[in-house]
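Peer 1:
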Amino acid sequence: MTTDTSTGITTFEHQETNRSLVTDAEAPFSFIRNITYGDKSVDQVATGADISGECYQYIKYECHHSYLTGYTAWYDRDGKLKNYWGGATVDSGQCACGISGSCTNGHPCNCDTNDNTWREDSGYLTDKTSLPVTEMRFGDTGSTFEYGYYTLGPLYCKGDESFLVTGRTDFMFIKERHLSGYNNAVLSSITVEKCATACVSASSFICRSFDYTPSLSKCHLSEENDLTVDPSSDPVHHLFVRIMDRIEDPFTDDGTSDQDLCDAGWTRNGNACYQLVESTVDYTTALDACRNLNDYGDLASVADQDESNFTLALLRRTFDTNYYWIGFNDLDEEGTWAWTDGSVSSYTNWYSGEPSGGSDHCGVLRRSSDGTWYDAGCSSTYGYICKYPLNTISCAEWKRKGYTSNGYYTIDPDGRNNGVDPYRVYCDMTTDASTGITTFEHQEANRSLVTGAEVAFSFVRNITYGDKSVDQVATGADISGECYQYIKYECHHSLITNYTAWYDRDGKQKNYWGGATVDSGQCACGISGSCTNGHPCNCDTNDNTWREDSGILPIRLLYLLLK
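Numbering (UniProt numbering), first residue to last: 1 to 563.
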């Protein structure tokens, strides 16, 4: 704690701190050194960097007849190749001397002179969002006169202690953010610790956060926080969000508490509930876990900037994990990214240069980069964010929420925790541009022969709708604006009237056919007066000609007879 009198410096040491020889590696990037930081994971070191004011790591390459550009690189915390060297501008493809214009013979790096003289390129890497260095690669050292030495220093990080709350764990720090205009009280000439105490002690309102301005020793207490208001960016202010349980914070939304609407352990935002899981698993395991956590559950989709801000607020409530799976991937088609829950949105929040393509097909949020997205290998292990929507009672409701792809969705027609259980149906989202159509499929959809049954109503077919009960299907019909089901009987010397019937959801026999008025005892042609020979139905002609009666109605059981 003596190097910098204003703050403590955190040192992350690794196993490659000694000057080391590079030789016998001609191909670009063929000499490989993986950098490990003792018993600390890369995520742990990266988190240490993220909460620090600044970080730096020294890197040097000494070369003899060995190129740097195109042969040598370091890899960041995400395992991505970096083409610039210590002391240079991020992603510049140069070394420090290239930035200052002082490299030998005008090259991007001194080592690119590639001659019989010992040269070096060195400097500090200072982009803390990329640090720590996780791998170094070298090349162009295959000949007896080609070799080099590399040196990589520890990662050093330090912060500005003047605006950190020490000695307490009930506030979450968000650097360079504040809630502009949401002030319930202003306190001047005060330390940040005393401001935290004042927030907890406030009695005239529930203090959920405060902004602190170190240069003015001033704080603003607020009943809002980063979940209720989008924080503004400002380098002179810092936001402290109070961590409260529900007894302390009885905040409700439209008269109903978040806990009443969402399952325990989930956080509500608008019409959806979210859960952040910090245990690290691969993409498929994360997807399965979300779908098992809740009947509607899936890996989280992010539809717009507001939802992105909310997910970032969730991420900021933890420092243990830096990357979290979301339900975005291009597994079906390279370059065509889609959400696993079927939602469709033009919104994206990719980090600069992402997606990088190649073998990285699954999307992650990175907390330390303000929740921006990266593509990653699906077998990598990260935390994950689960999500389920509220009030998804029908396919029409799904479509109103932005889900426009045909496919199977879970619906709960009578609402959450009421009556019938939720179930999956096929949603037709394209036939009618104005709504989604809920489709209830059954086992008797094919044209089927009726024969060997003379007695009225003696040929019986029970209609079942997959794993859905009649009550579930009926509830789906009840909440819909309209329903329709097609029925047809093709007959050859076979009566309909008094021999054929369908049965409704309650098991009651119905004596009218598709297209006819309810309980009219007729078919469609009987209503319009167009049946053969004036019969109630065409099939009642009962002759040696193939005829049919057909139309639209709801149906549960179909009892038919051939005569």
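In this text, a Cβ means the ideal position worked out from N, Cα and C, and glycines have one as well. All values derive from a computational prediction rather than experimental measurement.
Just to confirm, are PHE328 and GLY363 a CB contact at a threshold of 8 Å?
Peer 2: Indexing the sequence shown from 1 puts residue 328 at position 328. Indexing the sequence shown from 1 puts residue 363 at position 363. Against a cut-off of 8 Å, the Cβ pair of GLY363 and PHE328 comes out as a contact.
Peer 1: Under three-state DSSP, which class holds PRO131?
Peer 2: What you label residue 131 is simply residue 131 of the sequence shown in a count that begins at 1. First, the residue type needs correcting, since residue 131 is Leu and not Pro in the sequence shown. Coil.
Peer 1: Quick one: give me the first and last residue of the beta strand (DSSP E) that GLY452 is part of.
Peer 2: If you number the sequence shown from 1, residue 452 lands on position 452. No beta strand (DSSP E) holds GLY452; DSSP gives it neither H nor E.
Peer 1: Beta carbon of LEU276, beta carbon of LEU239: below 8 Å?
Peer 2: For the purposes of this step, residue 276 is taken as the residue at position 276 of the sequence shown. For the purposes of this step, residue 239 is taken as the residue at position 239 of the sequence shown. At least 8 Å separates the beta-carbon of LEU276 from that of LEU239.
Peer 1: Cβ of SER469 less than 8 Å from any chain D Cβ?
Peer 2: Among the chains in the structure shown there is no chain D, since it carries only a single protein chain.
Peer 1: Sorted by chain position, which residues of the same chain lie with C-beta nearer than 7 Å to CYS539's C-beta, five sequence neighbours on each side aside?
Peer 2: Against the sequence shown, residue 539 aligns to sequence position 539. Cβ neighbours of CYS539 beyond the five flanking positions: TYR489, CYS491, SER494, LEU495, ILE496, ARG547 and ASP549.
Peer 1: Counting only the same chain and skipping the five closest in sequence on each side, list residues whose C-beta sits under 7 Å from that of THR113.
Peer 2: As a working note, residue 113 is residue 113 in the sequence shown. THR104, ASN105, HIS107 and ARG119.
Peer 1: Per the DSSP calculation, LYS387 is bridged to which residue(s)?
Peer 2: Position 387 of the sequence shown holds residue 387. TYR274 and ASP298, per the DSSP bridge assignment.
Peer 1: Taking its Cβ as the centre, do 16 or more other Cβ atoms sit within 10 Å of THR144, making it buried, or is it exposed?
Peer 2: Within the sequence shown, numbered from 1, the residue matching residue 144 stands at position 144. THR144 should be labelled exposed.
Peer 1: So, with DSSP's three-state summary, where would you put GLU54?
Peer 2: Residue mapping note: residue 54 aligns to position 54 of the sequence shown, counting from 1. Here GLU54 sits in strand by DSSP.
Peer 1: Going by CA-CA distance only, name the one from VAL90, CYS111, ALA25 and GLU54 that's closest to residue 576.
Peer 2: Nothing can be reported for residue 576: it is not among the residues displayed for the chain, which extend from 1 to 563.
Peer 1: GLY534 and TYR388 look like a contact to me (Cβ under 8 Å); what is the Cβ gap, rounded to whole Å?
Peer 2: For the purposes of this step, residue 534 is identified with residue 534 of the sequence shown, where counting begins at 1. For the purposes of this step, residue 388 is identified with residue 388 of the sequence shown, where counting begins at 1. Their Cβ separation, rounded to whole angstroms, is 58 Å, which puts GLY534 and TYR388 out of contact at 8 Å.
Peer 1: Report the rounded CA-to-CA distance for LEU365 versus TRP373, giving the unit in angstroms.
Peer 2: Residue mapping note: residue 365 aligns to position 365 of the sequence shown, counting from 1. Residue mapping note: residue 373 aligns to position 373 of the sequence shown, counting from 1. So the alpha carbons of these two residues sit roughly 5 Å apart.
Peer 1: From LYS401, THR72, THR36 and GLY98, pick the residue whose C-alpha is nearest to that of SER301; which is it?
Peer 2: Numbered from its first residue, the sequence shown carries residue 301 at position 301. The shortest Cα separation from SER301 among LYS401, THR72, THR36 and GLY98 belongs to LYS401.
Peer 1: Buried or exposed: which applies to GLY167, given that a residue is buried once 16 or more other Cβ atoms fall within 10 Å of its Cβ?
Peer 2: For the purposes of this step, residue 167 is identified with residue 167 of the sequence shown, where counting begins at 1. Reliability of the predicted coordinates at GLY167 is poor, the pLDDT of 49 falling under 50, and the value obtained from them is presented with this limitation in mind. Classification for GLY167: exposed.
Peer 1: Can you give me the C-alpha to C-alpha distance between THR284 and GLU482, rounded to a whole angstrom?
Peer 2: Numbered from 1 along the sequence shown, position 284 holds the residue referred to as residue 284. Numbered from 1 along the sequence shown, position 482 holds the residue referred to as residue 482. For THR284 and GLU482, the distance between alpha carbons rounds to 38 Å.
Peer 1: What is the DSSP secondary structure of SER100, reduced to helix, strand or coil?
Peer 2: Mapped onto the sequence shown, residue 100 falls at position 100. The answer is helix: DSSP assigns SER100 an H, G or I state.
Peer 1: Roughly how many whole angstroms lie between the Cα atoms of LEU390 and TYR71?
Peer 2: Numbered from its first residue, the sequence shown carries residue 390 at position 390. Numbered from its first residue, the sequence shown carries residue 71 at position 71. The alpha-carbon atoms of LEU390 and TYR71 are separated by roughly 53 Å.
Peer 1: Which ranges does the beta strand (DSSP E) cover as unbroken runs of at least 3 residues, wholly within the segment 478-540, from first to last along the chain?
Peer 2: 486-491 and 501-503
Peer 1: Decide if SER343 is buried, meaning its Cβ has at least 16 other Cβ atoms within 10 Å, or exposed.
Peer 2: The sequence position of residue 343 within the sequence shown is 343, counting from 1. So SER343 ends up on the buried side.
Peer 1: Could you check what DSSP says for LEU315 in three-state terms: helix, strand or coil?
Peer 2: Position 315 of the sequence shown, counting from 1, holds the residue named residue 315. Shown here, LEU315 sits in a helix according to DSSP, grouped into three states.
Peer 1: CA-CA distance, ARG291 and VAL42?
Peer 2: Locating residue 291 in the sequence shown gives position 291, counting from the first residue. Locating residue 42 in the sequence shown gives position 42, counting from the first residue. Straight-line Cα distance between these residues: approximately 29 Å.
Peer 1: Taking 8 Å as the cut-off, does the segment 146-154 touch the segment 11-22 (at least 3 CB pairs, one atom from each stretch)?
Peer 2: The segment 11-22 vs the segment 146-154: in contact.
Peer 1: Which same chain residues, not among the five before or five after TRP398, have their C-beta less than 7 Å away from its C-beta?
Peer 2: Counting from one through the sequence shown, the residue named residue 398 turns up at place 398. Cβ within range, chain order: THR392, TYR409, CYS427 and GLY436.
Peer 1: By alpha-carbon positions, which one of TYR182, ASP332, ASP76 and ASN34 ends up nearest to LEU125?
Peer 2: Counting from 1 along the sequence shown, the entry for residue 125 is found at position 125. If you compare the alpha carbons of TYR182, ASP332, ASP76 and ASN34 with that of LEU125, the shortest gap goes to ASP76.
Peer 1: Just the Cα atoms here: how many angstroms apart are LEU221 and ALA73?
Peer 2: Taking the sequence shown and counting its residues from 1, one reaches residue 221 at position 221. Taking the sequence shown and counting its residues from 1, one reaches residue 73 at position 73. For the pair LEU221 and ALA73, the Cα-to-Cα distance works out to about 48 Å.
Peer 1: Hey, quick one: how far does the alpha helix (DSSP H) through ASN292 stretch, first residue to last?
Peer 2: Position 292 of the sequence shown, counted from the start, is the residue given in the question as residue 292. From DSSP, the alpha helix (DSSP H) with ASN292 extends over 283-293.
Peer 1: Do GLY38 and ILE59 come within 8 Å of each other at the CB atom, strictly closer than that value?
Peer 2: Numbered from its first residue, the sequence shown carries residue 59 at position 59. Numbered from its first residue, the sequence shown carries residue 38 at position 38. Against a cut-off of 8 Å, the Cβ pair of GLY38 and ILE59 comes out as no contact.
Peer 1: Whole angstroms is fine: what's the gap from ALA49's alpha carbon to CYS157's?
Peer 2: Stepping through the sequence shown from its first residue, residue 49 is reached at position 49. Stepping through the sequence shown from its first residue, residue 157 is reached at position 157. Spanning the two alpha carbons is a distance of roughly 6 Å.
Peer 1: What first and last residue would you give for the beta strand (DSSP E) that runs through TRP74?
Peer 2: In the sequence shown, counting from the first residue as 1, residue 74 sits at position 74. From DSSP, the beta strand (DSSP E) with TRP74 extends over 73-75.
Peer 1: For the alpha helix (DSSP H) holding CYS199, just list the boundary residues, first then last.
Peer 2: Residue 199 sits at position 199 when you count from the first residue of the sequence shown. In the DSSP assignment, CYS199 falls within the alpha helix (DSSP H) that extends over 192-201.
Peer 1: Find the nearest neighbour of ALA396 within the set THR381, ALA376, SER368 and VAL425, judged by alpha-carbon distance.
Peer 2: By 1-based counting over the sequence shown, the position of residue 396 is 396. Checked all of THR381, ALA376, SER368 and VAL425; the closest Cα to ALA396 is VAL425.
Peer 1: What does the alpha-carbon distance come out to for the pair GLY551 and ASP504?
Peer 2: Your numbering for residue 551 matches position 551 in the sequence shown. Your numbering for residue 504 matches position 504 in the sequence shown. Their backbone Cα atoms lie some 16 Å apart in a straight line.
Peer 1: Could you pull out every residue in the same chain whose Cβ sits closer than 8 Å to the Cβ of HIS527, ignoring the five residues on either side in sequence?
Peer 2: In the sequence shown, the residue the question calls residue 527 occupies position 527. In the sequence on display, residue 527 carries Ile and not His. Excluding residues within five positions, the ones whose Cβ falls inside 8 Å are GLY515, ALA516, THR517 and SER520.
Peer 1: Kindly indicate which three-state DSSP category GLN259 falls into: helix, strand or coil?
Peer 2: Looking up residue 259 in the sequence shown gives position 259. Since pLDDT at GLN259 reaches only 40, below the 50 mark, its modelled position is unreliable, and the value read off the structure follows with that caveat. Correct three-state label for GLN259: helix.
Peer 1: Could you pull out every residue in the same chain whose Cβ sits closer than 7 Å to the Cβ of THR256, ignoring the five residues on either side in sequence?
Peer 2: Locating residue 256 in the sequence shown gives position 256, where the first residue counts as 1. Any reading at THR256 must be qualified, since the residue scores a pLDDT of 38, below 50, and its modelled position is unreliable; the value itself is stated next. Counting only Cβ-Cβ distances below 7 Å, and skipping sequence neighbours, we find nothing.
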